[in-house]
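Inspection log for the structure reproduced underneath, given as structure tokens.
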Amino acid sequence: MTDQPREHWDRVYTDKAPSEVSWFQSEPRPSLAALARFDVPHTTPFVDIGGGASNLVDALLANGWSDVSVVDIAASALAAAQVRLGEAASSVQWVVADITRWNPPRRYGVWHDRAVFHFLTEPEQQAAYRRALLAGTAPDALVIIATFAPDGPEKCSGLPVQRHDAASLSAALGSEFALLDDWREEHLTPWGAAQKFSWCVFQRASN
Ligand SMILES: C[S@@+](CC[C@H](N)C(=O)[O-])C[C@H]1O[C@@H](n2cnc3c(N)ncnc32)[C@H](O)[C@@H]1O
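Okay, here's the thing in structure tokens:
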């Protein structure tokens, strides 16, 4: 991947307030609802891939999650989240990295990705994501991924996306990840446009 995506994303978060982007949610309800379906101890290492300026991290900290990391290609996105969180930002691990080039330093028990994987439209980008996923998840880890659904938008933030359902996402992640559950969600952008999402939860095999 060239540095073009990094520049794109840095500019997005510099030019727009967090609440002006299509993926903004005042509360990260779908992610919290996904987590609530599974009984995961809040001490489990949690990583939000492409977390951007999402307020999921705020909600996790408020709910007692004690080991939270946020990874994003755009330093400007993480800076916006850090300013919003204030002192609480120091209890989060912030990583500026391109997921297709990232070497995770440890293994997480929850891997969460809302609207990032769908930007990886080339097989080699998806393979690189899978390498990071394999290196960055512990045995039995939960992997929660939301992408645009097959009848969702063809672009996000002006970039082409690959839309997924559970079958295509399962195929992309590989046999180490067993599908536990999947469902559809309709996200409303701040200007009221409906976007169809596919949510999938996988569990990594025990060994
Ligand atoms: C549509 S936004 C979603 C942000 C956040 N997950 C949310 O739900 O609010 C996509 C995010 O992925 C980040 N991103 C895009 N490509 C990336 C990559 N290759 N590696 C890491 N982050 C990436 C962007 O900077 C942006 O924050």
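Note that the sequence shown covers residues 2 to 208 in our numbering.
Just so it is clear, CB atoms sit at the ideal spot from N, CA and C, and this is done for glycine as well.
Taken from the Cβ of R115, at least one heavy atom of ligand 1 lies inside 7 angstroms.
In the structure shown, the three-state DSSP call for E88 is helix. Here A116 is actually not in contact with A78; their C-beta atoms are around 13 angstroms apart, not less than 8 angstroms. In the three-state reduction of the DSSP assignment, T15 falls in the helix class, which pools H, G and I. Around P151, the same chain offers R164, D166 as residues with beta carbons nearer than 7 angstroms, after the five sequence neighbours per side are excluded. Looking at R185, E28, A128, W112, the one whose alpha-carbon comes closest to that of P46 is W112. Remark: C-beta atoms of A129 and T101 approach each other more closely than 8 angstroms. Counting along the chain, no beta strand (DSSP E) covers R30; the unbroken alpha helix (DSSP H) around it starts and ends at 30-37.
Between E8 and E186, the alpha-carbon positions lie close to 30 angstroms from each other.
Here V58 is buried: its Cβ has 16 or more other Cβ atoms, across all protein chains shown, within 10 Å.
Your pair Q204 and A179 checks out as a contact, with CB atoms roughly 5 angstroms apart and the cut at 8 angstroms.
Boundaries of the alpha helix (DSSP H) harbouring D59: 57-63, taken from the DSSP string.
For E125, the enclosing alpha helix (DSSP H) starts and ends at 124-137.
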